[in-house]
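Everything on this sheet refers to the single structure shown next.
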């Protein structure tokens, strides 16, 4: 069999220790970019699912977590990266309607920016990130599904049939591709295995919550071909009152499908083909008036419409040679986004201009329609060392292309400030990226290891803007612009790690990060007859020192890190009050802080886990009198000082309460996010908040039943904010409480 596959199986199926009735929890293989977990031949019993607790009286220890965040199999306690791993038991409480936000809530120093509209995949890690990406590729955090980077304007990655999610903090551009300046979030789905699996699941709950799910796996040709299919539909009614039309806004319908085929023509070759389709429709208002008596509510007519559709295919080919492993990744993805908006929320604009709400509530006035269609091409070839190699290394080449077409129409404006949305725009944006990369870890002496990696990237960005005026005063009849931008830059890292003992490791690294420059999707300067500028490449130096430890005879782990980031020309969005739109601001800033995370198996039945993060991020080198309103020393917007998470699970044999098989469990979690500045001018702060979740259920041999409560205390938290003027503060609001009943049947 393949060496890598065999090694992975050995890691998962290691026998528990015999002495002392010590029962080992199953090891978790985290495959950020590596075949050993995902393409191996395995039985359902080896799947990554919550394991039953050991028999009463046994002592439970935590088995090592094997990761391949560096595209090679390693114990997470030895990897010089700050990593949060969300396992299936944690992912089952992640809502399909807010997957990125829920994952961020469970990750110290990760803040997801739920600003609505097309901005589905944006956020910041350790203070580094983009609020509203200027283009589909303008993000400082790389969201990856099965190693394929996702569009900033795509649908939030679904946790449907997901083996795990990894959050990697700090620059990850060497191995995780373009624009991973702040970090990377890797979504790793389950893949076909040679065996049978069939399950259906359903949930119902408050606010019209409904969910249906099907997962199927089957051997098609013994030891040669296997297939897997996962389907899910989820819907929820709105919980934002509409002060003009009545009823509720904010409802959503989400569909997700993923299929894959595993082909193993011989013992040295694996081929995985997968396809995906996702659709999301919602009517959630982007911003609501913070001071509205009916908060959270909006004054939109018509109701907002957001429609997203993603689909595509991926091909992964792996071949094991005597001296190395060859991997090829090929992907084509299509992302379509449509929005139909009333630009003047009557609650916000009546307060802003001092006019009656009726002035801004006429259907068809201040209307805006936009479509963004993007096609993405991705190809990577790489070679990696074999697991038993004394020097671990990975090297390869990468090509990425994005073709984006934008079509917008704005009409019947009652507010002259809306020139940026007026008339019609037909814009075409193209990005081509070419890269070569390599990463290596070299043992020096004893427990001392040197590590290093480099990535050389050349980027070409082209923009063709076409504007036709709509007659709004102050705008031109037409304007066109054709522009190009090119840049070549190095990213990478260097450092050392030292194994003081098998239970304690320290490390220190220096990293260079970058986010490529380019052009914005919408030309806010075109209506006034002025050229749209490019936004420059943002660069950063990052410094990290950390430790990984295990103690209490293997029952607990504690990992921590300190960091400092020095960012030049960071891509920050500012709200232009004169144009009532967002524009880019390339500003310098620093961030520093740390995080600490731990797991503790208190008893065989009771486990705890948690984390705490601290980040201080402030602007620097801002010119005096900057039109952005920013000043040196201001807080970087949307960066909470404190983020924290704590959770626990208590699980017992169901026979204790008279049920003859299965287990009863109770789990809960609480996440805290501190106050944050809403914009670069620090016009106002977003309130701190905490979100609690709870679940109680029974897991049987072939059936599961559970009660759940998401956002248990119905905290309508403020995710992002916009300052329209004195006393006119608008915020994006998170979803309220959902309580429901769920079940799952396996056949």
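Numbering (my numbering), first residue to last: 818 to 1564.
C-beta atoms are modelled at their ideal positions from N, C-alpha and C, and glycine is treated no differently.
Could you name the residues that DSSP lists as bridge partners for residue 807?
Here the chain has residues from 818 to 1564 only, and residue 807 is not among them.
Could you check if residue 1180 is buried or exposed, using at least 16 other CB atoms within 10 Å of its CB as the buried criterion?
As a first step, residue 1180 is located in the chain shown; it is residue number 363 there, counting from the start. Under this definition residue 1180 is an exposed residue.
Run the CB neighbour count on residue 890, radius 10 Å, all protein chains shown included, and call it buried at 16 or more, exposed below.
Residue mapping note: residue 890 aligns to position 73 of the chain shown, counting from 1. Buried, by the Cβ-count rule.
Please check the pair residue 1197 and residue 1212, which I expect to be a contact at CB under 8 Å, by giving their CB distance rounded to whole angstroms.
As a first step, residue 1197 is located in the chain shown; it is residue number 380 there, counting from the start. As a first step, residue 1212 is located in the chain shown; it is residue number 395 there, counting from the start. Not quite, the Cβ-Cβ distance comes to about 11 Å (not below 8 Å), so this is no contact.
Alpha carbon of residue 1034 to alpha carbon of residue 1089, nearest angstrom
Working through the chain shown from its first residue, we reach residue 1034 at position 217. Working through the chain shown from its first residue, we reach residue 1089 at position 272. The alpha-carbon atoms of residue 1034 and residue 1089 are separated by roughly 14 Å.
Looking at residue 1514: is its Cβ nearer than 9 Å to the Cβ of residue 1524?
Taking the chain shown and counting its residues from 1, one reaches residue 1514 at position 697. Taking the chain shown and counting its residues from 1, one reaches residue 1524 at position 707. Yes, the Cβ-Cβ distance between residue 1514 and residue 1524 is below 9 Å.
Opposite residue 1208 in the DSSP bridges: which residues?
One-based indexing of the chain shown puts residue 1208 at position 391. According to DSSP, residue 1208 bridges with nothing at all.
Top-ranked residue by Cα proximity to residue 970, from 932, 1049, 1203, 1115:
The count along the chain shown starts at 1 and reaches residue 970 at position 153. Nearest C-alpha to residue 970: 932.
Can you grab the Cα-Cα spacing for the pair residue 1411 / residue 926, in whole Å?
Against the chain shown, residue 1411 aligns to sequence position 594. Against the chain shown, residue 926 aligns to sequence position 109. So the two alpha carbons sit approximately 8 Å from each other.
Here's a check: name, in chain order, each residue in its chain whose Cβ is nearer than 6 Å to the Cβ of residue 1283, leaving out the five neighbours to either side.
In the chain shown, the residue the question calls residue 1283 occupies position 466. Excluding positions up to five away in sequence, the list reads 1243, 1297.
If you follow the beta strand (DSSP E) that residue 1247 is part of, which residue opens it and which one closes it?
For the purposes of this step, residue 1247 is taken as residue 430 along the chain shown, with counting starting at 1. Run containing residue 1247: 1240-1262, per the beta strand (DSSP E) assignment.
Measuring straight from C-alpha to C-alpha, what distance separates residue 919 and residue 1038?
As a working note, residue 919 is residue 102 in the chain shown. As a working note, residue 1038 is residue 221 in the chain shown. One C-alpha to the other measures close to 39 Å.
Let me confirm a value: residue 855 is counted as buried when at least 16 other C-beta atoms fall within 10 Å, else exposed. Which label applies?
The count along the chain shown starts at 1 and reaches residue 855 at position 38. Any reading at residue 855 needs caution, since the residue's pLDDT is 37, under 50, leaving its predicted position unreliable; the model's value is listed next. Buried.
Would you give the residue range spanned by the alpha helix (DSSP H) that residue 1032 belongs to?
As a working mapping, residue 1032 is identified with position 215 in the chain shown. From DSSP, residue 1032 is part of no alpha helix (DSSP H) but of the beta strand (DSSP E) over 1027-1038.
Quick check on DSSP: helix, strand or coil for residue 894?
Residue 894 sits at position 77 when you count from the first residue of the chain shown. Of the three classes helix, strand and coil, the one that applies to residue 894 here is helix, per DSSP.
Our contact map puts residue 1547 next to residue 1104 with C-beta atoms below 8 Å; I'd like the distance itself, whole angstroms only.
Stepping through the chain shown from its first residue, residue 1547 is reached at position 730. Stepping through the chain shown from its first residue, residue 1104 is reached at position 287. Confirmed, about 4 Å.
Taking buried to mean at least 16 other C-beta atoms within 10 Å of its own C-beta, is residue 1026 buried or exposed?
For the purposes of this step, residue 1026 is taken as residue 209 along the chain shown, with counting starting at 1. It counts as buried.
Residue 1210 versus 1152, 1355, 1140, 1232, residue with shortest Cα-Cα distance
Counting from 1 along the chain shown, the entry for residue 1210 is found at position 393. With distances taken between Cα atoms, residue 1210 lies closest to 1140.
Which residues bound the beta strand (DSSP E) around residue 1365?
Locating residue 1365 in the chain shown gives position 548, counting from the first residue. Counting along the chain, the beta strand (DSSP E) containing residue 1365 begins and ends at 1355-1368.
Contact belief for residue 1554 with residue 1531 at Cβ below 8 Å, rounded distance in angstroms
The residue given as residue 1554 occupies position 737 in the chain shown. The residue given as residue 1531 occupies position 714 in the chain shown. Their Cβ separation, rounded to whole angstroms, is 4 Å, which keeps residue 1554 and residue 1531 in contact under 8 Å.
For residue 914, which residues in the same chain have their Cβ closer than 7 Å to its Cβ, ignoring the five residues on either side in sequence?
One-based indexing of the chain shown puts residue 914 at position 97. 1051, 1053, 1069, 1071, 1552, listed in sequence order.
By Cβ distance, which residues of its chain are closer than 7 Å to residue 1435, with the 5 residues on each side in sequence left out?
Here residue 1435 refers to the residue found at position 618 of the chain shown. Excluding residues within five positions, the ones whose Cβ falls inside 7 Å are 1406, 1407, 1450, 1451, 1452, 1453.
What are the start and end residues of each continuous beta strand (DSSP E) run of 3 or more residues lying completely inside the stretch 1048-1118, in chain order?
1057-1059, 1069-1083, 1086-1099
Enumerated in chain order, which unbroken segments of the beta strand (DSSP E) with a length of 3 residues or greater are wholly contained in the stretch 1445-1529?
1459-1470, 1480-1490, 1506-1516, 1520-1527
Residues in the same chain with beta-carbon distance under 6 Å from residue 895, minus the five sequence neighbours each way, listed in chain order, please.
In the chain shown, counting from the first residue as 1, residue 895 sits at position 78. For residue 895, where only same-chain residues beyond five positions count, the Cβ hits under 6 Å are 1322.
Quick one: using the 10 Å Cβ neighbour count with 16 as the cut-off for buried, is residue 1439 buried or exposed?
As a first step, residue 1439 is located in the chain shown; it is residue number 622 there, counting from the start. Looking at its Cβ environment, which holds 16 or more other Cβ atoms inside 10 Å, residue 1439 is buried.
Sequence-distant residues of its chain with Cβ nearer than 6 Å to residue 1381 (five each side left out)
Within the chain shown, the letter at position 564 stands for residue 1381. Here the set comprises 1360, 1409.
Does the pairing of the stretch 1165-1183 with the stretch 955-974 give three or more beta-carbon distances under 8 Å?
no
Spatial neighbours of residue 1266 within its chain, please: CB distance less than 6 Å, with the 5 preceding and 5 following residues excluded, ordered by chain position.
Along the chain shown, read from residue 1 onward, the residue named residue 1266 stands at position 449. Same-chain partners within the cutoff: 1258, 1260, 1314.
Looking only at C-alpha atoms, which of 1345, 1095, 1235, 985 sits nearest to residue 1292?
In the chain shown, the residue the question calls residue 1292 occupies position 475. Ranking the options by Cα distance to residue 1292, first place goes to 1345.
Using DSSP with H/G/I as helix, E/B as strand and the rest coil, what is residue 1560?
On the chain shown, residue 1560 is found 743 positions in, with the first residue counted as 1. Looking at residue 1560 - three-state DSSP - the assignment turns out to be strand.
Does residue 922 come within less than 9 Å of chain B when only Cβ atoms are used?
Looking at the structure shown, chain B is missing, and only one protein chain is on hand.
Distance, residue 1107 Cα to residue 1147 Cα
Translated into the one-based positions of the chain shown, residue 1147 becomes position 330. Translated into the one-based positions of the chain shown, residue 1107 becomes position 290. Those two C-alpha atoms are separated by around 46 Å.
If residue 973 sits next to residue 917, beta carbons under 8 Å apart, how far is it from one beta carbon to the other, in whole angstroms?
Counted from its first residue, the chain shown places residue 973 at position 156. Counted from its first residue, the chain shown places residue 917 at position 100. Their Cβ separation, rounded to whole angstroms, is 5 Å, which keeps residue 973 and residue 917 in contact under 8 Å.
Once you ignore the five residues that flank residue 818 on each side, which residues in its own chain have a CB closer than 7 Å to its CB?
The sequence position of residue 818 within the chain shown is 1, counting from 1. Note that residue 818 scores a pLDDT of 36, beneath 50, so its modelled location is shaky and nothing firm can be said.
First and last residue of the beta strand (DSSP E) that includes residue 1432?
Mapped onto the chain shown, residue 1432 falls at position 615. 1423-1437 is the extent of the beta strand (DSSP E) around residue 1432.
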